[in-house]
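Engineer: Chains as they are written, first to last, in this note's numbering: chain F, -8 to 146; chain P, 269 to 420.
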Amino acid sequence: MSDRAWYTDVPVPQLMRVARDVYREAAQRALDSAGCDDIPRNGAFVLAGLDHSAPEPAFSAQADVVGSLGLSKQAASQLIDTLVLREYLERRTDPVDRRRMEVRLTDRGRTAAIAIQAAIDAIEAALAQLITDEELCGLRAGLAAYRLIRERSGD
Amino acid sequence: MPATRSVADTYVSIAELMRLARGSYKRAIDAEYAVRGIDDVPAPGGYVLAYLANGEESIPEMIEGLGIKKPEYAEFMDRLVLRGFITRDIDPNDGKASFALTERGYAAAEAIFAGGRIVDKQLERKVSADDIDGLRRGLLALAEIKQSLPQP
């Protein structure tokens, strides 16, 4: 009889598909509870990545926020516009370089970002209970490798 | 200490890594579809065609694997039938539908498996066998966590 674990025969895309919504669903529940039920797709990643400090979160260069998303420039800019319109982000001209724009969390954005972070932390704590540190490193290394494979296959 | 940080070090959250990893298989599979002159497999059609080619999953298992509701599943199967990837047969005794791949469906399934193999090989060149095992265990654990959460 083989010593191979059963999951080694399950195609990874199938595993990715069943696992992929766990964060989105947990974040959605947390956001709904916090009264933030109109966050656009990928908006949670923008909010979670910005400075959360209170009462005055730091501004970040909009170009950096857009660049980190891995979306087209147009899609990322539209996403930022929507988050500004829905009062999750405040946008201003960079006082040092007036050609550039900066964004930071509003109070509503901060509430949402804290809810998202709490949901992510809860999932990652549960994950740490289920797999070893070595397996966690493998998960991260594997996902990071997929990103490189995806980028090299051309956007 | 390494001179440059890897993507895994830079993006601290698994959620972010999963988002950035999305689409890696899709691109390879789309290229294989193109080689076979196929350009109209509706998303997430690849999963259904692969399920049917493997012949191992029941319809409820397919629906669960796809993460969609039954009415969406029925509409989705309609599209695959209309586009000539599968046939639908109704059992006259119990009225239940069953599905089978057409020749075109088999060609699309071949493209899916070929694209998957290409990406799997690229992954094997980039990370160790232990990392791939950790990747699988981690994804499986995330799926378990998802199932344990109340449905939205």
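All residues carry an ideal CB built from backbone N, CA and C; glycine is no exception.
Step through the CB atoms of chain P and report whether any lies within less than 7 Å of the CB of F:Ile30.
Structural biologist: No, F:Ile30 lies away from the interface with chain P (no Cβ there is under 7 Å from its Cβ).
Engineer: Which residues, in order along the stretch 337 to 352 of chain P, keep a beta-carbon less than 7 Å from a beta-carbon of chain F?
Structural biologist: none
Engineer: In terms of DSSP beta bridges, what is P:Phe367 paired with?
Structural biologist: P:Arg356
Engineer: Taking the C-alpha atoms as reference points, what is the distance between P:Arg290 and F:Leu22?
Structural biologist: 23 Å
Engineer: Measuring straight from C-alpha to C-alpha, what distance separates P:Asp406 and P:Ser292?
Structural biologist: Note on identity: in this sequence residue 406 of chain P is Gly, with Asp being the wrong assignment. Roughly 18 Å between the two C-alpha positions.
Engineer: Below 9 Å on C-beta distance, what does F:Cys27 contact in chain P?
Structural biologist: Neighbours of F:Cys27 across chain P, judged by C-beta separation under 9 Å, do not exist; the nearest C-beta is about 14 Å away.
Engineer: Taking beta-carbon pairs under 9 Å, can you tell me which members of the stretch 118 to 132 of chain F lie near chain P?
Structural biologist: Leu118, Gln120, Leu121, Ile122, Thr123, Glu125, Glu126, Leu127, Cys128, Gly129, Leu130, Arg131 and Ala132
Engineer: Does the distance from the CB of F:Leu130 to the CB of P:Gly335 come in under 7 Å?
Structural biologist: Here F:Leu130 is not near P:Gly335, since their CB atoms are 7 Å or more apart.
Engineer: Listing by chain order, which chain P residues have their CB less than 7 Å from the CB of F:Ala103?
Structural biologist: Correct list: empty, because the minimum Cβ distance to chain P is about 15 Å.
Engineer: Measuring from the CB of F:Glu81, is there a heavy atom of the ligand ADP at a distance below 6 Å?
Structural biologist: Inclusion of the ligand ADP in the displayed structure is not the case, the ligand content being empty and no account of it being possible.
Engineer: Would a C-beta distance cut-off of 7 Å place P:Asp308 and P:Arg351 closer than the cut-off?
Structural biologist: yes
Engineer: Just the C-alpha distance for F:Gly100 and F:Glu16, rounded to the nearest angstrom, thanks.
Structural biologist: 19 Å
Engineer: How would you call P:Val303, buried or exposed, if buried means at least 16 neighbouring beta carbons within 10 angstroms?
Structural biologist: exposed
Engineer: In chain order, what residues of the same chain have a beta carbon less than 6 Å from the beta carbon of F:Asp85, not counting five sequence neighbours either side?
Structural biologist: Arg91 and Glu93
Engineer: If you measure from the beta carbon of P:Lys394 to each beta carbon in chain F, is any gap under 7 Å?
Structural biologist: Cβ-Cβ to chain F under 7 Å: yes for P:Lys394.
Engineer: Measure the CB-CB distance between P:Leu369 and P:Ile354 and report whether it falls below 7 Å.
Structural biologist: yes
Engineer: Within 10 angstroms of the Cβ of P:Ser274, are there 16 or more other Cβ atoms? Answer buried if so, exposed if not.
Structural biologist: Any reading at P:Ser274 must be qualified, since the residue scores a pLDDT of 45, below 50, and its modelled position is unreliable; no value is offered.
Engineer: Return the CA-CA distance between F:Cys148 and F:Gly26, expressed in angstroms with no decimal places.
Structural biologist: In the structure as shown, chain F begins at -8 and stops at 146. Residue 148 of chain F is therefore absent and cannot be evaluated.
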